[in-house]
Structures are given as structure tokens and as C-alpha cells.
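Just below is one structure, and these are the notes that go with it.
There are 4 protein chains.
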Amino acid sequence: MIKRNLALPAFIATALALGAGAVSAEVVNNNITEAEVKAAQEAWGQALIQISDRYAADGIDKAREKAEQVLDAAYGYGQGAVLFKPTLASGEQTFRIAREGALAYFVGHDESYPDDSGFALKGWKSYSFENAAVYINGDLALTTGHVRLTDADGQETIVDKSWAFKKDEQGALRIVLHHSSLPYAPGY
Amino acid sequence: MIKRNLALPAFIATALALGAGAVSAEVVNNNITEAEVKAAQEAWGQALIQISDRYAADGIDKAREKAEQVLDAAYGYGQGAVLFKPTLASGEQTFRIAREGALAYFVGHDESYPDDSGFALKGWKSYSFENAAVYINGDLALTTGHVRLTDADGQETIVDKSWAFKKDEQGALRIVLHHSSLPYAPGY
Amino acid sequence: MIKRNLALPAFIATALALGAGAVSAEVVNNNITEAEVKAAQEAWGQALIQISDRYAADGIDKAREKAEQVLDAAYGYGQGAVLFKPTLASGEQTFRIAREGALAYFVGHDESYPDDSGFALKGWKSYSFENAAVYINGDLALTTGHVRLTDADGQETIVDKSWAFKKDEQGALRIVLHHSSLPYAPGY
Amino acid sequence: MIKRNLALPAFIATALALGAGAVSAEVVNNNITEAEVKAAQEAWGQALIQISDRYAADGIDKAREKAEQVLDAAYGYGQGAVLFKPTLASGEQTFRIAREGALAYFVGHDESYPDDSGFALKGWKSYSFENAAVYINGDLALTTGHVRLTDADGQETIVDKSWAFKKDEQGALRIVLHHSSLPYAPGY
Numbered sequence: 001m002i003k004r005n006l007a008l009p010a011f012i013a014t015a016l017a018l019g020a021g022a023v024s025a026e027v028v029n030n031n032i033t034e035a036e037v038k039a040a041q042e043a044w045g046q047a048l049i050q051i052s053d054r055y056a057a058d059g060i061d062k063a064r065e066k067a068e069q070v071l072d073a074a075y076g077y078g079q080g081a082v083l084f085k086p087t088l089a090s091g092e093q094t095f096r097i098a099r100e101g102a103l104a105y106f107v108g109h110d111e112s113y114p115d116d117s118g119f120a121l122k123g124w125k126s127y128s129f130e131n132a133a134v135y136i137n138g139d140l141a142l143t144t145g146h147v148r149l150t151d152a153d154g155q156e157t158i159v160d161k162s163w164a165f166k167k168d169e170q171g172a173l174r175i176v177l178h179h180s181s182l183p184y185a186p187g188y
Numbered sequence: 001m002i003k004r005n006l007a008l009p010a011f012i013a014t015a016l017a018l019g020a021g022a023v024s025a026e027v028v029n030n031n032i033t034e035a036e037v038k039a040a041q042e043a044w045g046q047a048l049i050q051i052s053d054r055y056a057a058d059g060i061d062k063a064r065e066k067a068e069q070v071l072d073a074a075y076g077y078g079q080g081a082v083l084f085k086p087t088l089a090s091g092e093q094t095f096r097i098a099r100e101g102a103l104a105y106f107v108g109h110d111e112s113y114p115d116d117s118g119f120a121l122k123g124w125k126s127y128s129f130e131n132a133a134v135y136i137n138g139d140l141a142l143t144t145g146h147v148r149l150t151d152a153d154g155q156e157t158i159v160d161k162s163w164a165f166k167k168d169e170q171g172a173l174r175i176v177l178h179h180s181s182l183p184y185a186p187g188y
Numbered sequence: 001m002i003k004r005n006l007a008l009p010a011f012i013a014t015a016l017a018l019g020a021g022a023v024s025a026e027v028v029n030n031n032i033t034e035a036e037v038k039a040a041q042e043a044w045g046q047a048l049i050q051i052s053d054r055y056a057a058d059g060i061d062k063a064r065e066k067a068e069q070v071l072d073a074a075y076g077y078g079q080g081a082v083l084f085k086p087t088l089a090s091g092e093q094t095f096r097i098a099r100e101g102a103l104a105y106f107v108g109h110d111e112s113y114p115d116d117s118g119f120a121l122k123g124w125k126s127y128s129f130e131n132a133a134v135y136i137n138g139d140l141a142l143t144t145g146h147v148r149l150t151d152a153d154g155q156e157t158i159v160d161k162s163w164a165f166k167k168d169e170q171g172a173l174r175i176v177l178h179h180s181s182l183p184y185a186p187g188y
Numbered sequence: 001m002i003k004r005n006l007a008l009p010a011f012i013a014t015a016l017a018l019g020a021g022a023v024s025a026e027v028v029n030n031n032i033t034e035a036e037v038k039a040a041q042e043a044w045g046q047a048l049i050q051i052s053d054r055y056a057a058d059g060i061d062k063a064r065e066k067a068e069q070v071l072d073a074a075y076g077y078g079q080g081a082v083l084f085k086p087t088l089a090s091g092e093q094t095f096r097i098a099r100e101g102a103l104a105y106f107v108g109h110d111e112s113y114p115d116d117s118g119f120a121l122k123g124w125k126s127y128s129f130e131n132a133a134v135y136i137n138g139d140l141a142l143t144t145g146h147v148r149l150t151d152a153d154g155q156e157t158i159v160d161k162s163w164a165f166k167k168d169e170q171g172a173l174r175i176v177l178h179h180s181s182l183p184y185a186p187g188y
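Residue numbers (full-length UniProt numbering), protein chains in the order written: chain A, 1 to 188; chain B, 1 to 188; chain C, 1 to 188; chain D, 1 to 188.
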């Protein structure tokens, strides 16, 4: 009856007999997950502390070396522009779209960026983040929330921070947007 | 010390004291999942059987009505072209990019499509699918594998089928590519 | 010869004769473009000025009505959380993830948000933006740059602003992330 | 007045004076375009002809070498499963999810795939494609249409073909879905 209706040739019987075996589906999934985002945020904080530690122990050259590793591993500068607005950058150097501007921000010691004192050199000892919301869209995830950093004296700095993470082909997450700002002071 | 190094104004103390409370992150996730894809494949099979049942019970007008509902709910014709290559379509009418061509394929009775006998009217009673692989990319998922359909006489038809499903804003999955073909006959 | 090599049945001749006609490809494109992003940024500024004008001309109720239209058309609150960190929001109300918090920020007059004086009510007369960089990924685009607003007295306010725009199924762009902050004051 | 209304500190004046200079926006765009898709389709056809030519001139080893280059450059096997349903594959070997199955299909000479006679070895001389529709979604594009191949005797083979191309980080397009089938024969 199928043959009459659907004009299926006789070879279908063979295909039916063969079936597709017990092959289970292989799955490729390029999407980013909330768990990956949290791990990347945690790694960012740990990296900042590592740069601080390296600076304290070994000086600026080793700290810069570490910062370059962090930038290359955790940011998307190798792929193109990064939308980076650091907490303490301002004026014509507010946005650090290229890698050299980001490096100057983190470790200073660059005469092209005279206002940069090296944010990652400030003796950071611990880190925590609190996402207000997470937005996941394909291989890109956005977060906005508070980040807290504590220094060697136990003083805490809080910033308002938005990030966009892009998952690359190797499964690593890279920061492609990073907007950080000091809390607004209403009574100021 | 933070004040000296980072030039943080005194109002930070207030912000620190306030904290962000116990707000947990809200998550928006636009991505498609493998489970959603399987559910959509299951639903496609059930819909095909429903059109067959409707046709047997109530005739072509009710069957067409049901088919239109299925097309509008499960395919992306409302959003634009659908890349549909039905199993038994050929020649200049091989590709059913617009809704009317898809409707003709499923329920026939359209003089503009004289070769269409109505694929969904063929008394289908059961359905199963076997994905060889699934590829997930953002809100779009691709599948390729075997689909089996059994009619009232117990005869099984097997087809090679690829689908692309797009997850819409309401969370529903829509077919935007559907390439179906009879198995190749090597000894033919 | 094709038949011998490829085991193609005779019916191929028919298909070849039919060809596919002169059908040109229909294209569905869900991606966002830089031009669409710029238009959305322009529209945001115009909407802010319209709310200011409405407030001056007709008072708070009309201004709120306008602000609600803007929120519903230009932001993604209808689809879920929006990652909104307004310029002048702080403390526990820093992030306006839900629509009511965004409305309070723009037009104030909400006792649940006592610090909100209504950012859109401040007599804004003109608007410009300057993107430092734009990052386009599927139906989502990120921008970071300066935005300038001028009030009735000719005084200009500048903010550092990052946005994420999501293109919806109707082709409209919706803000899903909006982080705005006052410029950092290095000498402070 | 701004200071009164918005509580903007005096340093804003400095920022306003500095401005953002004449920096124009840098744009990162990860999206795939229709032009890139057409170029990839053209390249696929050229590669097929090259394998045929290599086989005729230098034998199977050189042809296989070329085919491996093509697979590695034009398909996504290096990143994971590819949803490949070749025109003339059937039974338990219908789907060539892994690279070795694809290689066997194109150049044969693999005892694990006894039905494969080597599709790329069949003396192909020219190539054309005709997309019925193209669907673009982020870095992924789908096509469905006819592909025509002509051999040394001038005989043309037509197939119905769907592809999904994924744009990688280096900007190269890779095939992640490839469903090819002989035209259905209505009178058969």
C-alpha cells in the first residue's frame, strides 16, 4: 500500500531491515551556560589577586607578565576590539578598546597612560561578585551586578560592573565588554 | 588606604554598608536545548498522525484546517521563508519556501500542485525518530537522522531527515529548515 | 556513464530537464546591523527628550504615560529581566531589573524609590552619542561610548554608557543591558 | 543647575572639556553574510573538481591528500560532529558524523565503507548551485537548493542539497550540516 500511495521503491525494505542500529546522537553545543559564566567571573577575581601577589613578591615586570597572560586568556583582544570601560579611567582614555590600554590600566608604568596607577597592583586579597541579572544569548552572556574587592588592610571596594562573555571555539570564555563604575553617591 | 590609592570618595562606605542585599540573579536564557528539540520532533510526529486521523474521520476540509494549525504553530512561515524540501516533492516544485506549497504537500487537493497527493493524509498511525547528531547554536538547533512512520497496515516508511529549529521569543520551536529524502538505494 | 558510476536511475533525466527555473533565493536574515544599532541609539535620545517635553507641557501623568510607551517599545522588560544600571541609582536600588524600577528611575514620583527624582524629567533638549566600539554577535549588539545630554540651560551632561540591543522577531531593537555611569574624576 | 538636579560633581566640567576626541567606533562583527555563504558554496564545488582532477592526474593517494585538506578546511569535523547525509550513502552508513566516514565517501578505497566508490573521483568538471532560500542566524547560515555537477562526458547530475555553514573565529566558513539527496521521481 505504501508503494502504491507513496511510490516507494522496493529498496526501502532493505533500508528498513538495516535500520540505523543503536547509534546514539552526538551533540555539538556551542552555547554558553550560567555555570560557565560564574566560573569565568571567579577566574577573573583570582587573576586580579594573582597579579597583586606577583607584584608584591616579584615586582612590576613579573606582574606585567602575569597581566599579559590574563589579558590574552580572559579577554577578547586577540579577536578584535573589547568594549572596556575601567572603573578609574576617564577623559580621552576612558575606553580601552585595544590591549595596550587594558594592560596600562591593570599594571600602570606606561607613560602613554599617565593617569593609570595600576589597578591590579593595589594589594587585592579577596574577591566576590553578586550578579543582579544574567542574560544568555547563544555563545554570549551578559552580567550586571556588584563586585567586591578587599585589600591587604581589609578595606573593601565595591563597584557596579557589567560584563559580556563570549565563548570561543575551544570552549573558553572571553570578556568582550567590561563596564565598571564606582557606585553613584546620592547625597554627594 | 583605598582612598589614597584609588581615590575612592567617602560615599563608598555607605554603599558598602548597604550592600546588595540577598538579591539572587535573575536569568534570561534565549538558548535552545536538546530536550526542547526532542519535544518538537515528537510533536511533529504527533501532528502528522492527527492530520491523518482527522482526514479519516472528518474529511479533507477538517484535515486541511488541522494542517494549517500545524504549519502556523510548528513552522516559521509566519516569519519568512522556510527551507522545506519535502520527501516526495520534485522538479520545479521541489522546494516549498512559502506556506501554500507546504500546505499543498501535506494535504494535497490543490490544483497548483498537481503532483501532491497529500503526504499527511496517508493514514499514519505511529512515529519515531532517531537523531544521528544534533548541533546546537544559540536559539537554533540542527538535527539529522532517520524518521520512521507506520501506517494503518503496519507498513513502515523510513526517511533521512534534517531539521533546523528556531526558538522564538515565546519559547516555542519553529521549523526553519526541513530536508527529507528517501533512502538511497545502492543496488539500484 | 553517470548511471554506471553513480547508480543514478533514469528519472534523473526528467529532473534535469525540469531544472529549477529562474527562482531566485529568498533570504531570511535575523542578524542585527550597525545601522540598526545607531538608529536605536538615536531613538533612545529622542524618546528621552520627548518625555522631558511632555512633562514640561502636560505634567507627570502624561510624562509617565510616554515613559511607559518608551519602556515597552525600547526595552526588553516584556521578555524578562533587563540588566539596567542607571546613572544615578545606588545602594540596594542600583540595578533596575524589572520594569517598575526603570519607570521610577525615568519619571520618579514613586514612593518605593525615594531617591529617584526622575531622570527623564530634567528638561533635556538635545542628545548625541559617540560609540567607542560596537560588538555585533547574531541578533545582539553591544556598544560602549559617551552619551551627551543638554538641558534647557545649555548645560551638558556626559555619561559613560554601555548598551546591549537585542533584535526581536518583528525587527525591532530592544535594550537588554544598559549600564550608565558618571565619568570618573581622577583628581578627586 | 545640572549640579543641583543631578548631583553631578564639578569634575564633570573637565570631562566635558576633554570630550572623546575624534575617535571613531571600532566594530567587531561575528555575523555571517549571504556573500560569504555563496563564496563557500562556490569553493565547495571548486574543491570537488580539484579532487577529481588530482585523481585523474596523480591517482588515489594524491586525491585523498587533497580531500583531507578540503575536509579540514571546509567542514567542521575538527570542532565536533558534522551532520552529513551524503547523496549516495545508505543503510547503517547513511550519516557520516565523523571525519573518516566523510573521507571514505569522497574518495572511497576504505574497506570499512564497502559501498563507497568515491564521489569526488567521478571526473567532475563543472559545478553550479541555485539556492531556493537562505536563512541567516548569527554566525550560522542555512541554504537549500539545487546543485548541478557535470562530468567529463558532459552529463549533468542534479541533487537537492541543504547546508549549514558556521563562521569560525578566523572568519572561515565551515560546513556543519550537509544533506544531499537525489531528486524524487514522481512517476517512478
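Virtual Cβ for every residue (Gly too), placed ideally from N, Cα, C.
beta-carbon residue i near the ligand ADP non-hydrogen atom, thresh 7 Å
i         : result
C/Glu-111 : The ligand ADP is absent from the structure shown, which contains no ligands of any kind.
Closer than 8 Å to chain B by CB, residue i
i         : result
D/Asn-30  : no
C/Ala-81  : yes
C/Ile-175 : no
A/Glu-42  : no
Distance, residue j Cα to residue i Cα
i         : j         : result
C/Leu-142 : C/Trp-163 : 6 Å
A/Thr-94  : A/Thr-87  : 9 Å
D/Asp-139 : C/Lys-167 : 15 Å
D/Ala-25  : C/Lys-62  : 37 Å
D/Val-37  : D/Val-147 : 14 Å
C/Val-23  : C/Gly-45  : No answer about C/Val-23 holds up, because its pLDDT of 49 lies below 50 and its placement is not dependable.
A/Glu-92  : A/Pro-183 : 21 Å
B/Ala-104 : B/Asp-110 : 6 Å
C/Val-28  : D/Ile-136 : 6 Å
D/Glu-65  : A/Glu-169 : 26 Å
A/Asp-160 : A/Val-82  : 18 Å
B/Gly-101 : B/Ser-112 : 9 Å
Partners in chain C for residue i, counting only beta-carbon separations shorter than 9 Å
i         : result
A/Gly-138 : Asn-137, Gly-138, Asp-139, Leu-140
Any chain D beta carbon closer than 8 Å to residue i
i                      : result
C/Ala-25               : yes
A/Gly-171              : no
residue 196 of chain C : Outside the displayed span of chain C (1 to 188) sits residue 196 of chain C, for which this structure offers no information.
C/Ala-164              : no
C/Val-134              : yes
B/Thr-157              : no
C/Ser-52               : no
Cutoff 8 Å; reference residue i; Cβ partners in own chain excluding five residues on either side
i         : result
C/Ile-49  : Trp-124, Lys-125, Ser-126, Tyr-127
D/Glu-156 : Arg-148, Leu-149, Thr-150
Closer than 8 Å to chain A by CB, residue i
i         : result
C/Ala-185 : yes
C/Ala-120 : no
D/Asp-168 : yes
C/Phe-95  : yes
Cβ neighbours of residue i in the same chain (closer than 7 Å, five flanking residues each side left out)
i         : result
B/Arg-99  : Leu-71, Tyr-77
A/Gly-108 : Asp-116, Ser-117, Gly-118, Leu-121
C/Ala-40  : Phe-165, Leu-173
Residue i: contacting residues in chain B (beta-carbon distance under 7 Å)
i        : result
C/Gly-45 : Within 7 Å Cβ-Cβ: nothing; C/Gly-45 doesn't reach chain B, min ~25 Å.
Within-8 Å CB hit, residue i to chain C
i         : result
A/Asp-58  : no
B/Asp-115 : no
A/Phe-129 : no
A/Asn-150 : One detail in the question is off: residue 150 of chain A reads as Thr in this sequence, not Asn. Chain C, which has no Cβ nearer than 8 Å to the Cβ of A/Thr-150, makes this no.
A/Leu-88  : yes
A/Lys-85  : yes
Where residue i meets chain B, residues with beta-carbon distance less than 8 Å
i         : result
C/Asp-160 : Those within 8 Å of C/Asp-160 in chain B number zero; the least Cβ separation is about 17 Å.
Beta-carbon contacts of residue i that lie in its chain and below 6 Å, excluding the five residues immediately before and after
i         : result
D/Tyr-55  : Ala-63, Leu-121
C/Ala-132 : Thr-144, Gly-145
C/Ala-152 : Gly-123, Lys-125
Neighbour list for residue i in chain A, Cβ cutoff strictly below 9 Å
i         : result
B/Glu-34  : Ala-25, Val-27, Asn-29
C/Leu-182 : Ser-181, Leu-182, Tyr-184
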